[in-house]
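Undergrad: Take this structure, written in structure tokens, and hold onto it; I'll ask about it next.
Here it is as structure tokens:
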């Protein structure tokens with residue numbers, strides 16, 4: 203228990219240090235750009251494919267219930283609202299933790315194990331400024347983009363199932379969606395969620411890597427913990443954020 | 002991988018993200034359908050607004066001509082004051098009739114405007130005097146049931162009274 207609190211404090215300290223030393227990741231932006239390539243661009247495939255299937259399944263399942271009430275035109279609203287408000291940010295964060303978070307933890311953990319971080323300190327290079335901060339900002343920049351792509355591709359997947367497959371009218375699909383999805387209340391709030399999840403996921407992955415015992419076993423445990431803690435944090439934060447954003 | 006290639010891919014990635022956000026705002030959200038251009042504001046007092054909400058559409062002949070700006074309660078008259086923004090392109094006579102309708106049986110509520118016959122048009126800050134509030138389903142059902150009950154009561158009275166006469 204005490205160890206958990208200690209780790210929470212150490213994580214918070216690492217977060218503040220990352221913010222303080224993040225000047226270099228913008229001055230030498232190619233460092234951050236490289237990390238955006240690895241965390242963002244390389245995650246495109248998994249995000250787009252899963253978004254497509256999530257959207258299609260949502261449309262199929264939604265149709266199943268909506269047709270009982272004779273309102274299968276509302277299928278577009280159902281798909282768009284579930285994706286933009288909830289599934290887009292959350293599923294992206296979960297996939298991001300599995301795809302990019304583990305890579306970050308393993309990389310930094312191995313850097314520590316092979317004493318690359320200590321070597322940097324010996325050369326008066328701050329490892330937080332050189333290694334941690336660019337990865338942090340890359341995650342924070344990549345994830346909202348991935349979440350927006352997830353929502354958009356999911357809506358397109360839902361469209362493919364609803365309109366050509368089920369036979370919902372294409373005009374009703376889009377117009378009902380536009381009438382019921384609000385830019386500020388739904389889309390902007392989804393983006394805010396994904397930014398918060400990005401900070402949480404990336405920071406957890408970085409801290410677990412930074413804190414990993416310098417052994418093969420330690421790095422493997424740290425990688426596992428990254429996935430578990432990130433997923434739980436994202437789901438918990440999602441509840442808190444949704445209740446904050448709820449307009450009574 | 003060389004740096005220029007990484008730059009290119011990150012550029013494509015960011016462009017895709019911006020395109021997705023724009024697509025969400027334009028195609029999925031109501032950014033395009035919500036703009037009214039220049040509006041003028043009129044108010045109307047309703048006995049009951051039901052489930053009317055700010056930003057609900059104001060329609061005339063089924064066409065959206067404006068939006069509800071805000072809804073307040075007047076503690077002097079005990080009525081709801083609804084402020085409406087109407088698009089500058091549309092002019093309505095001063096004796097326009099404002100109703101609160103429901104789209105479908107269970108749909109959202111909107112304000113319907115029916116034009117009157119006056120020559121003068123409503124101006125910014127004017128008040129619509131002829132209004133009819135929302136139909137509250139429970140009230141209507143209870144009225145209906147009450148009428149039925151009193152009907153059958155009066156019928157049974159006449160039946161009871163018949164043998165005496």
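Protein chains in written order, with the numbering used here: chain A, 203 to 450; chain B, 2 to 166.
Built from N, CA and C at the ideal position, the CB exists for glycine as well.
Please check the pair residue 30 of chain B and residue 389 of chain A, which I expect to be a contact at CB under 8 Å, by giving their CB distance rounded to whole angstroms.
TA: Right, the Cβ-Cβ distance comes to about 5 Å (below 8 Å), so this counts as a contact.
Undergrad: State the CB to CB distance for the pair residue 396 of chain A and residue 349 of chain A, rounded to an integer number of angstroms; the pair is presumed to be in contact (CB under 8 Å).
TA: Residue 396 of chain A to residue 349 of chain A, Cβ: 4 Å. Contact.
Undergrad: Measuring CB to CB, does residue 240 of chain A end up less than 9 Å from residue 340 of chain A?
TA: Yes.
Undergrad: Closest to residue 311 of chain A by C-alpha separation, out of A:384, A:423, A:225 and A:294, would be which residue?
TA: Checked all of A:384, A:423, A:225 and A:294; the closest Cα to residue 311 of chain A is A:423.
Undergrad: With DSSP as the reference, please indicate the residues paired to residue 44 of chain B in a beta bridge.
TA: Beta-bridge pairing links residue 44 of chain B to B:84 and B:128.
Undergrad: Classify residue 19 of chain B as buried or exposed, calling it buried when 16 or more other Cβ atoms lie within 10 Å of its own Cβ.
TA: The residue in question, residue 19 of chain B, is exposed, as its Cβ has fewer than 16 Cβ neighbours within 10 Å.
Undergrad: Quick one: what does DSSP say residue 68 of chain B is sitting in, helix, strand or coil?
TA: In this structure, residue 68 of chain B counts as strand in the three-state DSSP scheme.
Undergrad: Might you give, ordered along the chain, the residues of its own chain that have their beta carbon closer than 6 Å to the beta carbon of residue 116 of chain B, omitting 5 neighbours on each side?
TA: Cβ within range, chain order: 93, 94 and 97.
Undergrad: Label residue 412 of chain A either buried or exposed according to how many other C-beta atoms from any shown protein chain fall within 10 Å of its C-beta, with 16 as the threshold for buried.
TA: Flag for residue 412 of chain A reads buried.
Undergrad: Quick check on residue 5 of chain B: buried or exposed, where buried means 16 or more other Cβ atoms within 10 Å of its Cβ?
TA: It is exposed - the Cβ of residue 5 of chain B has fewer than 16 other Cβ atoms within 10 Å.
Undergrad: Report the rounded CA-to-CA distance for residue 211 of chain A versus residue 10 of chain B, giving the unit in angstroms.
TA: Using only the alpha carbons, I get a separation of about 37 Å.
Undergrad: Looking at the strands, I want to know which residues DSSP matches up with residue 346 of chain A.
TA: Partner(s): none; residue 346 of chain A has no beta bridge.
Undergrad: For residue 69 of chain B, decide whether its Cβ has a neighbour in chain A, counting only Cβ atoms nearer than 9 Å.
TA: With 9 Å as the cut-off, residue 69 of chain B does not count as an interface residue toward chain A.
Undergrad: In the DSSP assignment, find the alpha helix (DSSP H) that holds residue 89 of chain B and state where it starts and stops.
TA: Per DSSP, residue 89 of chain B belongs to no alpha helix (DSSP H) and is neither H nor E.
Undergrad: Determine which residues share a DSSP beta bridge with residue 115 of chain B and list them.
TA: According to DSSP, which records beta bridges pairwise, residue 115 of chain B is partnered with B:98.
Undergrad: When the distance is taken between beta carbons, is residue 226 of chain A closer than 9 Å to residue 307 of chain A?
TA: Cβ atoms of residue 307 of chain A and residue 226 of chain A: not closer than 9 Å.
Undergrad: Does residue 72 of chain B have its Cβ less than 9 Å from a Cβ in chain E?
TA: Protein chains A and B are contained in the structure displayed, whereas chain E is not.
Undergrad: Checking the sheet assignment: what are the DSSP bridge partners for residue 76 of chain B?
TA: None, per the DSSP bridge assignment.
Undergrad: Taking Cβ to Cβ, would you say residue 249 of chain A is nearer than 9 Å to residue 351 of chain A?
TA: Cβ distance < 9 Å, so residue 249 of chain A and residue 351 of chain A count as in contact.
Undergrad: Rounding to the nearest angstrom, what Cα-Cα distance links residue 274 of chain A and residue 447 of chain A in this structure?
TA: Roughly 28 Å between the two C-alpha positions.
Undergrad: Residues in its own chain within less than 6 Å of residue 335 of chain A by CB, not counting five upstream and five downstream?
TA: Once the five neighbours on either side are set aside, the close Cβ partners of residue 335 of chain A are 220, 223, 224 and 227.
Undergrad: Taking 9 Å as the CB-CB limit, is residue 335 of chain A close to chain B?
TA: It does not; no Cβ of chain B falls within 9 Å.
Undergrad: Alpha carbon to alpha carbon, how far is residue 140 of chain B from residue 68 of chain B? Give it in angstroms, no decimals.
TA: Residue 68 of chain B and residue 140 of chain B: Cα-Cα distance of roughly 27 Å.
Undergrad: Compare the beta carbon distance of residue 261 of chain A and residue 354 of chain A with 9 Å and say whether it is the shorter of the two.
TA: Taking 9 Å as the Cβ cut-off, residue 261 of chain A and residue 354 of chain A do not qualify as a contacting pair.
Undergrad: Quick test of the definition: if touching needs 3 or more C-beta pairs under 8 Å, does the region 72-91 of chain B touch the region 46-62 of chain B?
TA: Verdict: yes, contact present.
Undergrad: Below 8 Å on the Cβ atoms is my contact criterion, and I expect residue 125 of chain B with residue 41 of chain B to pass it. Report the Cβ-Cβ distance as a whole number of Å.
TA: With 8 Å as the limit, residue 125 of chain B and residue 41 of chain B qualify as a contact, their Cβ atoms being about 4 Å apart.
Undergrad: List in chain order: all unbroken alpha helix (DSSP H) runs of 4+ residues lying wholly within the region 342-398 of chain A.
TA: Runs found: 372-382.
Undergrad: Using a beta-carbon distance below 9 Å, is residue 230 of chain A in contact with chain B?
TA: Taking Cβ atoms only, chain B never reaches closer than 9 Å to residue 230 of chain A, which makes this a no.
Undergrad: Is the CB-CB distance between residue 356 of chain A and residue 256 of chain A below 9 Å?
TA: Cβ distance < 9 Å, so residue 356 of chain A and residue 256 of chain A count as in contact.
Undergrad: In terms of residue numbering, what span does the alpha helix (DSSP H) encompassing residue 314 of chain A cover?
TA: Start and end: 304-315.
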